[in-house]
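Student: Convert by adding 15 to the 1-based position in the sequence shown; the result is the number in this note's numbering.
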Amino acid sequence: MSRLIALWLVCIAGSTQAATGLTLAGGKYTLALDYLEAILGGSKFTFKANLTSPTLSTFTLDTTSIGTVGASSDADPATTPRLTLDNGRYVLEIPSVSVNGQTYAVSLISTDLASFSVDTSTLKSISSNNPAGVTVANVDSQTVGALSIASTSKLAVSWIAPSGGTPTSYSIVARETDGVGKVATTAAAQASSVTLSGLKASTRYAINVTACFNSACTVQASAAAQYAATPDEYWQLQGTSGNGYSSVTKAVTDGNSLSWVMRWGGEAGSGYSGLA
Numbered sequence: 016m017s018r019l020i021a022l023w024l025v026c027i028a029g030s031t032q033a034a035t036g037l038t039l040a041g042g043k044y045t046l047a048l049d050y051l052e053a054i055l056g057g058s059k060f061t062f063k064a065n066l067t068s069p070t071l072s073t074f075t076l077d078t079t080s081i082g083t084v085g086a087s088s089d090a091d092p093a094t095t096p097r098l099t100l101d102n103g104r105y106v107l108e109i110p111s112v113s114v115n116g117q118t119y120a121v122s123l124i125s126t127d128l129a130s131f132s133v134d135t136s137t138l139k140s141i142s143s144n145n146p147a148g149v150t151v152a153n154v155d156s157q158t159v160g161a162l163s164i165a166s167t168s169k170l171a172v173s174w175i176a177p178s179g180g181t182p183t184s185y186s187i188v189a190r191e192t193d194g195v196g197k198v199a200t201t202a203a204a205q206a207s208s209v210t211l212s213g214l215k216a217s218t219r220y221a222i223n224v225t226a227c228f229n230s231a232c233t234v235q236a237s238a239a240a241q242y243a244a245t246p247d248e249y250w251q252l253q254g255t256s257g258n259g260y261s262s263v264t265k266a267v268t269d270g271n272s273l274s275w276v277m278r279w280g281g282e283a284g285s286g287y288s289g290l291a
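(1) Can you check whether the CB of threonine 99 is closer than 8 Å to the CB of valine 84?
(2) Assuming proline 92 and arginine 190 make a contact with CB atoms under 8 Å, what is their CB distance in whole Å?
(3) Can you grab the Cα-Cα spacing for the pair leucine 66 / threonine 73, in whole Å?
(4) Where do the ends of the beta strand (DSSP E) carrying serine 130 lie?
(5) Taking alanine 239 as the reference, which of Ser111, Leu214, Ser122 and Ser58 has the closest Cα?
(6) In this structure, how does DSSP classify aspartate 77 when only helix, strand and coil are distinguished?
(7) Can the beta-carbon of proline 146 be found less than 8 Å from the beta-carbon of isoleucine 175?
(8) Decide if alanine 90 is buried, meaning its Cβ has at least 16 other Cβ atoms within 10 Å, or exposed.
(9) How is serine 125 classed by DSSP in three states: helix, strand or coil?
(10) Under a three-way DSSP split, which group does serine 208 fall into?
(11) Do you know whose CA, among Thr79, Ala206, Tyr249 and Leu55, lies nearest aspartate 101's CA?
(12) Would you be able to state if there are at least three C-beta pairs under 8 Å between the segment 154 to 172 and the segment 206 to 214?
(13) Quick check on glutamate 52: buried or exposed, where buried means 16 or more other Cβ atoms within 10 Å of its Cβ?
(14) Name the residue from Ser186, Ser173, Pro246 and Gly180 whose alpha carbon lies nearest to the alpha carbon of threonine 237.
(15) With respect to the beta strand (DSSP E) encompassing glycine 148, which residues constitute its N-terminal and C-terminal limits?
(16) Give me, in chain order, the residues of the same chain whose beta-carbon lies closer than 6 Å to that of asparagine 153; leave out the 5 immediate sequence neighbours on both sides.
(17) Beta-carbon within less than 7 Å of glutamine 227's beta-carbon, same chain only, minus the 5 sequence neighbours each way: which residues are those?
(18) Quick one, are the C-beta atoms of valine 172 and serine 208 less than 8 Å apart?
(19) Straight-line CA distance for serine 130 to alanine 47?
(20) Quick one: give me the first and last residue of the beta strand (DSSP E) that alanine 203 is part of.
(21) Please classify valine 121 as buried or exposed, where buried requires at least 16 other C-beta atoms within 10 Å of its C-beta.
(22) So for leucine 100, helix, strand or coil by DSSP?
(23) Could you spell out the range, first to last residue, of the beta strand (DSSP E) harbouring alanine 227?
(24) Thinking just about the alpha-carbon of each residue, which of Ile222, Ser178 and Asn229 is nearest to the one in alanine 203?
(25) With DSSP as the reference, label tyrosine 249 as helix, strand or coil.
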């Protein structure tokens, strides 16, 4: 088991990603996280920190190394280390680390942010057979008057299947680039598109499409993130004919609407006589 733990952490050391590195000096290993996103208490923080270990079995946080760094809205969720709190445990996700031409993902677990251990159940082999040609487009686009509007809560995502392997399914995740919210869905092996719903209006998202090569998705490959923003929200209605209200509909089916009717002239009734 100790040899396996050492292998996993050596994988972390081999990362081509600038945010993660492992060095040995003076009989002590240092795991350097130069860019780390922490999503805690409903807020996102970005900082750097080092973890140290004499044996590669457990790591200790070097409190003198902690520092804040500027947030990057273009940080790719497929490769960026992330710290979250889950059921009383801190989970440090390292989603993409490479060694000897093979890429892995693994998580470290802590209950106190002082010491961390490897969660063996999270070890994943990352394939090079990434989905290709990922595109993101608006849904229900149309022109109303001088405005080009579309759904403010949906985005359409499409991709081309990997050429070097046959996925068993796909995972599609959209994360807010300037917030902590995310929306996730799955697609069948034969799918090449999906519509993400439940998104926020006027919000920029980083969208990752991941191909899973077994039922547990422990062998996977992710395309580079694509970035897209949902449109601004317009409160509009449109009618087809006449002065009645029955034919009025929302300009976009999943949009919001605020409507009221003011009657004039004889239709107003005697109770409104003399009122303006």
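By construction, the Cβ of each residue, glycine as well, lies at the ideal position given by its N, Cα and C atoms.
Remember, it's a predicted structure, so these values are computed and weren't measured experimentally.
Tutor: Walking through what the data contain:
(1) In the sequence shown, the residue the question calls residue 84 occupies position 69. In the sequence shown, the residue the question calls residue 99 occupies position 84. It is not a contact, given that the beta carbons lie outside the stated cut-off.
(2) Counting from one through the sequence shown, the residue named residue 92 turns up at place 77. Counting from one through the sequence shown, the residue named residue 190 turns up at place 175. Yes, they are in contact, since the Cβ atoms of proline 92 and arginine 190 sit about 5 Å apart, within 8 Å.
(3) Taking the sequence shown and counting its residues from 1, the one referred to as residue 66 is at position 51. Taking the sequence shown and counting its residues from 1, the one referred to as residue 73 is at position 58. About 9 Å.
(4) The sequence position of residue 130 within the sequence shown is 115, counting from 1. Serine 130 -> beta strand (DSSP E) spans 130 to 141.
(5) Along the sequence shown, one-based indexing puts residue 239 at 224. Among Ser111, Leu214, Ser122 and Ser58, the Cα nearest to that of alanine 239 is on Ser111.
(6) Reading the sequence shown from its first residue, position 62 is the one you call residue 77. It is a strand residue.
(7) In the sequence shown, the residue the question calls residue 146 occupies position 131. In the sequence shown, the residue the question calls residue 175 occupies position 160. A contact, by the Cβ cut-off of 8 Å.
(8) For the purposes of this step, residue 90 is identified with residue 75 of the sequence shown, where counting begins at 1. With 16 or more other Cβ atoms within 10 Å, it is buried.
(9) Your numbering for residue 125 matches position 110 in the sequence shown. In the structure shown, serine 125 sits in a strand (DSSP, three-state: E or B).
(10) By 1-based counting over the sequence shown, the position of residue 208 is 193. If DSSP states are grouped into helix, strand and coil, serine 208 belongs with the strands.
(11) Counting from one through the sequence shown, the residue named residue 101 turns up at place 86. Taking only the C-alpha atoms, the option nearest aspartate 101 is Leu55.
(12) yes
(13) Residue mapping note: residue 52 aligns to position 37 of the sequence shown, counting from 1. Buried, because 16 or more other Cβ atoms sit within 10 Å of the Cβ of glutamate 52.
(14) Residue 237 sits at position 222 when you count from the first residue of the sequence shown. With the sequence shown as reference, residue 237 is identified as serine, and threonine is not the correct amino acid for it. It is Ser186 whose Cα lies nearest to the Cα of serine 237.
(15) As a first step, residue 148 is located in the sequence shown; it is residue number 133 there, counting from the start. Per DSSP, glycine 148 belongs to the beta strand (DSSP E) from 147 to 153.
(16) As a working note, residue 153 is residue 138 in the sequence shown. Excluding positions up to five away in sequence, the list reads Ala165.
(17) Here residue 227 refers to the residue found at position 212 of the sequence shown. Just to set this straight, residue 227 is cysteine in the shown sequence, not glutamine. Closer than 7 Å at the Cβ level, and outside the excluded window around cysteine 227, lie Pro182, Thr183, Ser184, Tyr185, Ser186 and Gln235.
(18) For this step, residue 172 is matched to residue 157 along the sequence shown. For this step, residue 208 is matched to residue 193 along the sequence shown. Cβ atoms of valine 172 and serine 208: closer than 8 Å.
(19) Looking up residue 130 in the sequence shown gives position 115. Looking up residue 47 in the sequence shown gives position 32. So the alpha carbons of these two residues sit roughly 15 Å apart.
(20) Looking up residue 203 in the sequence shown gives position 188. Taken as a continuous stretch (DSSP letters only), the beta strand (DSSP E) holding alanine 203 covers 197 to 203.
(21) What you label residue 121 is simply residue 106 of the sequence shown in a count that begins at 1. Its Cβ being crowded by 16 or more others within 10 Å, valine 121 is buried.
(22) Along the sequence shown, one-based indexing puts residue 100 at 85. Looking at leucine 100 - three-state DSSP - the assignment turns out to be strand.
(23) Working through the sequence shown from its first residue, we reach residue 227 at position 212. Strictly speaking, residue 227 in this sequence is cysteine, with alanine absent from that position. That run of the beta strand (DSSP E) goes 219 to 227.
(24) By one-based count along the sequence shown, residue 203 stands at place 188. Per the Cα distances, Asn229.
(25) Here residue 249 refers to the residue found at position 234 when the sequence shown is read from its first residue. Looking at tyrosine 249 - three-state DSSP - the assignment turns out to be coil, as it is neither helix nor strand.
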